[in-house]
Amino acid sequence: MESAAGSFVEPSVESRAESLGESAVGSSVGEMTGDLRDVDRETAVTRLFGAHYAGLLRLAVLLGADDAEDIVAEAFCQLHRRWNRLRTAESALPYLRSVVCNLTRMRLRHLQVVRKHTDWSAETEASAESVAMLHDDQRALIEGLRRLSARQREALVLRYWLGLRESDIADAMGISAGAVKAHTSRGMAALTKILRERR
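Just so you know, we're using the numbering used here here: the sequence shown kicks off at 2 and counts up by one.
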């Protein structure tokens with residue numbers, strides 16, 4: 002996968018499968034970004050890519066993106082273009098999360114419009130490879146997440162899979178902390194109901 006940030010090797014199927022597991026985002030920002038202040042943009046973005054690609058890919062998949070790799074790659078391209086606008090190196094990962102959320106939301110809205118005006122076909126379904134990588138429980142959970150509203154899905158994924166604080170979730174979603182609480186609560190109730198109906 003080539004981007005404005007330089008050459009990146011696309012992760013193998015095995016690494017994508019690992020990234021869909023239950024673990025949270027790879028290394029913490031504190032471990033990574035301390036080294037970013039004194040390096041050039043390409044090196045910094047490359048280091049961030051190596052440390053956080055899998056976690057951001059997981060985020061995009063859990064938010065319902067069918068083209069998660071493309072969304073994450075675009076997020077890193079946007080980070081590269083806007084690197085000099087970041088206030089601190091520590092703001093790089095929250096920025097990436099926010100971009101992934103926004104790009105996924107835009108992609109899902111686009112697909113809704115397309116589905117309204119065209120026949121739904123198998124071409125827009127997830128690939129057999131990506132579906133086979135998921136266990137039954139994971140498939141049920143992801144399907145349940147897809148049935149939630151975009152904001153509820155984002156709030157749940159950012160809170161429970163990435164373990165972010167409400168203030169960080171509010172920043173990533175561009176909403177208030179109170180709205181985060183409401184979306185999280187409603188999303189959890191709706192997801193619980195969906196999963197109970199499935200059993």
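Glycine is no exception: its CB is placed at the ideal position from the N, C-alpha and C atoms.
Pair within 9 Å by beta-carbon distance, residue i and residue j
i      : j      : result
Ala76  : Leu97  : yes
Leu192 : Leu146 : yes
Gly188 : Arg152 : yes
Ala65  : Arg154 : Correcting the residue identity first, residue 65 is Gly in this sequence and not Ala. Yes; because the gap between Cβ atoms is below 9 Å, this pair is in contact.
Arg160 : Thr185 : yes
Leu104 : Ile143 : no
Asp138 : Arg108 : no
As assigned by DSSP and simplified to three states, the class of residue i
i      : result
Ser177 : coil
Thr89  : coil
Ala66  : coil
Asp41  : coil
Ser168 : helix
Leu149 : coil
His53  : helix
His136 : coil
Arg199 : helix
Glu155 : helix
Arg83  : coil
Leu163 : coil
Residues of its chain near residue i, where Cβ-Cβ distance is below 8 Å and the 5 sequence neighbours each way are ignored
i      : result
Asp172 : Pro95 and Ser99
Trp162 : Ala25, Arg59, Leu60 and Leu63
Own chain residues within Cβ distance below 6 Å of residue i, not counting five before or after
i      : result
Val181 : Ala156, Glu167, Ile170 and Ala171
Ile195 : Gly145 and Arg148
Stretch pair the region 160-173 + the region 105-113: three plus CB contacts closer than 8 Å: no
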